[in-house]
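Sequences listed follow chains F and P, in order.
Under numbering that gives the first Met the number 0, read the first sequence as residues 0 to 267, first letter to last.
Under numbering that gives the first Met the number 0, read the second sequence as residues 0 to 276, first letter to last.
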Amino acid sequence: MYPAIELVRASFGRYSVTGLHQGTVGLRNYARLLGLEALPAVVGNTAVWVALVVAITLVLSLGLAQLLNESFPGRRLVRWALIVPWAASLIMTSKLFVWIYDYYFGLLNHLLAAAGRAPIDWLGDDRTVMGAMIAVGVFVSLPFTTYVLLAGLQTIAGEVYEAARVDGATGWRSYRWITLPLLRPALLVATVLNLIYVFNSFPIVWTLNDRNPGFAHDTMITFMYKIAFKSALRDVGLAAALGVVNVLLILAAVLAYLRAARWREEPA
Amino acid sequence: MAGGAGLIRRAALAGAGLLAGAALLAPYAVMMLTALKPEAELRVTPPRLLPAEWRPGNFWTVLRDPEFQSWLTVSLVVAAVSTALVLVAAVPAAYHTARHRFAGRGAFLFLVLVTQMFAPTALVVGLYREFFDLGLINTYTALVAVNAAFNLAFAVWILRAFFASIPLEIEEAAAVDGCGRASALFRIVLPVARPGIVTAGIFAFIAAWNEYIVGLTLMTDASMRPLTVGITSYVTAYVQHWDLLFAASVIAIVPVVVLFALIEPYLVGGLTAGSIR
Chain F
0 MYPAIELVRA
10 SFGRYSVTGL
20 HQGTVGLRNY
30 ARLLGLEALP
40 AVVGNTAVWV
50 ALVVAITLVL
60 SLGLAQLLNE
70 SFPGRRLVRW
80 ALIVPWAASL
90 IMTSKLFVWI
100 YDYYFGLLNH
110 LLAAAGRAPI
120 DWLGDDRTVM
130 GAMIAVGVFV
140 SLPFTTYVLL
150 AGLQTIAGEV
160 YEAARVDGAT
170 GWRSYRWITL
180 PLLRPALLVA
190 TVLNLIYVFN
200 SFPIVWTLND
210 RNPGFAHDTM
220 ITFMYKIAFK
230 SALRDVGLAA
240 ALGVVNVLLI
250 LAAVLAYLRA
260 ARWREEPA
Chain P
0 MAGGAGLIRR
10 AALAGAGLLA
20 GAALLAPYAV
30 MMLTALKPEA
40 ELRVTPPRLL
50 PAEWRPGNFW
60 TVLRDPEFQS
70 WLTVSLVVAA
80 VSTALVLVAA
90 VPAAYHTARH
100 RFAGRGAFLF
110 LVLVTQMFAP
120 TALVVGLYRE
130 FFDLGLINTY
140 TALVAVNAAF
150 NLAFAVWILR
160 AFFASIPLEI
170 EEAAAVDGCG
180 RASALFRIVL
190 PVARPGIVTA
200 GIFAFIAAWN
210 EYIVGLTLMT
220 DASMRPLTVG
230 ITSYVTAYVQ
240 HWDLLFAASV
250 IAIVPVVVLF
260 ALIEPYLVGG
270 LTAGSIR
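Okay, structure coming up:
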């Protein structure tokens, strides 16, 4: 817990560029934070990043989990394939995608060329860089989410579906009215943990957005890091203030989501 | 007729599975193939998928690189020591919470959620201040402590579920046979819970092995960088050894994938047992 306390304390302090504490300034760091020109864009990026990555991941994972819940030849191999993006370090996967997205030598533009389309500067163009980062974010979030949903699916007893079939519910209706409601606890866990992980995600945005100067495509986490350690600002107090805001924001988002999903604390 | 329809369905499922598997593995195939190319072949237009000349020697180049060896050492030491610390602390904590229900399950899950929110990423500025004040920047102690602290909650979460699934009767039977509480724990409960302990240990190991932002922040000395941070120096604005970067990545990823595959059977149950049902 100590780093959390230190974070709050630092957010009230003033620091030199070399990191020396120069006294407290009250709430002035928070006021300066609100005055930062880049802040609205960064907050917007964060909202788009979190909302799209979590939503797309959940939809794709529902399909994948449903697939893996069936038995078919080679299911084992698909499950192993699903493990790889999870086990691989995020920074290595991010670097890999920097290479795949490369303007001159990347595989993606090669495929575009083969299809007769003009190459795209995926990570340099303002219009595509966010989409490119979101695609990687979804890719690395799929395994964990799919496994959580798969665990949820496996707790649904087969008799429930048989009873539904007797009552004439099949296909989509059986999925909509039986699978989804019974899957709610797993969906809840998957959504909440993804909200937290995606919001806190650092390596993807850090690596894929590396070439672009300024803060135009940063999320609040990479923005905080740049303020503290990389940019001309080098301001620990200001970064700590943003860090406190980040933690409060994710706490508020999770509580709001849990409330919306009517979370009840079960007695043990 | 039903058999025919079932066959078509199985074939369709297998086809979908094949597609999904291929989509998940394709980027890593690119990684592997790029790692096997000579450097000159990285910059040909149009780019080729397969190397024209196979160069497995890239892996030897990386393994013999003294810098790579020092990053590997740091990562191994940090991951191993922090995993050991996590298990030593988490096993008794998990056993206690599984056997003595002093707090609600919901409250427990929420506590884990909160520790996830305080992920190192959110706290990295505070962490840097703390270790700066303690004079522990560029030390094993700092990185081990942070990794152990952040993997502890998750380990307790997984282990608790395993301990809870062991029937109390086993311990009672042991007590009847004259087995003390401590001896029952070591001779009965821990062996039965071994898959859970292995799962939690591998999780903690992988999390520490793959950790990036704390290593990036606390280990500013080039020789004290962990693998995840170190390998990025193969490709910077000034040097672009993509072949070596990917060879190093493959070396780092393969053992972790194997470890993960070992605990795969427990993933479905272990991950969610604390929350679902």
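Note that beta-carbon positions come from the ideal geometry of N, C-alpha and C, so glycine has one too.
Below 8 Å on the Cβ atoms is my contact criterion, and I expect residue i with residue j to pass it. Report the Cβ-Cβ distance as a whole number of Å.
{"i": "T218/F", "j": "W48/F", "result": "5 Å"}
{"i": "T33/P", "j": "W98/F", "result": "7 Å"}
{"i": "I157/P", "j": "A87/F", "result": "Contact doesn't hold; Cβ gap of about 21 Å is too wide."}
{"i": "F117/P", "j": "V246/F", "result": "7 Å"}
{"i": "F201/F", "j": "I220/F", "result": "5 Å"}
{"i": "A92/P", "j": "V155/P", "result": "5 Å"}
{"i": "I205/P", "j": "V257/P", "result": "Not a contact, Cβ separation roughly 11 Å."}
{"i": "T72/P", "j": "G200/P", "result": "Not a contact, Cβ separation roughly 20 Å."}
{"i": "R210/F", "j": "L107/F", "result": "Actually they are not in contact, since the Cβ atoms of R210/F and L107/F sit about 16 Å apart, beyond 8 Å."}
Quick check on residue i: buried or exposed, where buried means 16 or more other Cβ atoms within 10 Å of its Cβ?
{"i": "R159/P", "result": "buried"}
{"i": "K94/F", "result": "buried"}
{"i": "D101/F", "result": "buried"}
{"i": "V165/F", "result": "exposed"}
{"i": "V58/F", "result": "exposed"}
{"i": "G242/F", "result": "buried"}
{"i": "A238/F", "result": "buried"}
{"i": "S74/P", "result": "buried"}
{"i": "H216/F", "result": "buried"}
{"i": "G177/P", "result": "exposed"}
{"i": "G167/F", "result": "exposed"}
{"i": "Y103/F", "result": "exposed"}
{"i": "H95/P", "result": "exposed"}
{"i": "I249/F", "result": "buried"}
{"i": "P84/F", "result": "buried"}
{"i": "V175/P", "result": "exposed"}
{"i": "T279/P", "result": "This structure leaves residue 279/P out entirely; chain P is present only between 0 and 276."}
{"i": "G34/F", "result": "exposed"}
What's the C-alpha gap between residue i and residue j?
{"i": "A78/P", "j": "A28/P", "result": "27 Å"}
{"i": "G56/P", "j": "L217/P", "result": "33 Å"}
{"i": "D120/F", "j": "G170/F", "result": "43 Å"}
{"i": "V143/P", "j": "G179/P", "result": "35 Å"}
{"i": "V244/F", "j": "F228/F", "result": "18 Å"}
{"i": "L167/P", "j": "V235/F", "result": "52 Å"}
{"i": "L61/F", "j": "A203/P", "result": "27 Å"}
{"i": "H99/P", "j": "F162/P", "result": "11 Å"}
{"i": "G20/P", "j": "A10/P", "result": "15 Å"}
{"i": "R183/F", "j": "L257/F", "result": "12 Å"}
{"i": "A97/P", "j": "S173/F", "result": "36 Å"}
{"i": "N137/P", "j": "T120/P", "result": "18 Å"}
{"i": "G5/P", "j": "A15/P", "result": "15 Å"}
{"i": "L17/P", "j": "I7/P", "result": "15 Å"}
{"i": "S222/P", "j": "P37/P", "result": "27 Å"}
{"i": "N199/F", "j": "V213/P", "result": "13 Å"}
{"i": "F130/P", "j": "M223/F", "result": "18 Å"}
{"i": "F138/F", "j": "E170/P", "result": "44 Å"}
{"i": "M31/P", "j": "A13/P", "result": "25 Å"}
{"i": "Y332/P", "j": "V113/P", "result": "Outside the displayed range of chain P (0 to 276) lies residue 332/P, so it cannot be described from this structure."}
{"i": "D124/F", "j": "T198/P", "result": "43 Å"}
{"i": "G3/P", "j": "A80/F", "result": "29 Å"}
{"i": "L32/F", "j": "W205/F", "result": "21 Å"}
{"i": "A240/F", "j": "L215/P", "result": "21 Å"}
Could you tell me whether the Cβ atoms of residue i and residue j are closer together than 8 Å?
{"i": "L207/F", "j": "M132/F", "result": "yes"}
{"i": "A247/P", "j": "I230/P", "result": "yes"}
{"i": "N44/F", "j": "M129/F", "result": "yes"}
{"i": "V80/P", "j": "L151/P", "result": "no"}
{"i": "I203/F", "j": "F259/P", "result": "no"}
{"i": "V90/P", "j": "I250/P", "result": "no"}
{"i": "V41/F", "j": "G136/F", "result": "no"}
{"i": "L76/F", "j": "L149/F", "result": "no"}
{"i": "L35/P", "j": "R47/P", "result": "no"}
{"i": "R175/F", "j": "E263/P", "result": "no"}
{"i": "Y265/P", "j": "P194/P", "result": "yes"}
{"i": "V145/P", "j": "L126/P", "result": "yes"}
{"i": "I165/P", "j": "V191/P", "result": "yes"}
{"i": "A260/F", "j": "L181/F", "result": "no"}
{"i": "F96/F", "j": "P225/P", "result": "no"}
{"i": "N209/P", "j": "L141/F", "result": "no"}
{"i": "A46/F", "j": "F214/F", "result": "no"}
Notebook entry, point to check: With a cut-off of 8 Å, do at least 3 Cβ pairs link the segment 192-210 of chain F to the segment 240-253 of chain F?
Noted result: yes
Checklist line | Touch test, the segment 39-58 of chain P against the segment 236-250 of chain P, Cβ-Cβ under 8 Å, three pairs minimum | finding: Short answer: they touch.
Next item on the list: Count the C-beta pairs between the segment 143-157 of chain F and the segment 106-122 of chain F that are closer than 8 Å, then say yes if the count reaches three, no if not.
Entry: No, the segment 143-157 of chain F does not touch the segment 106-122 of chain F.
Check: Would you say the segment 151-163 of chain F touches the segment 72-80 of chain F, given that touching needs at least three Cβ pairs under 8 Å?
Finding: no
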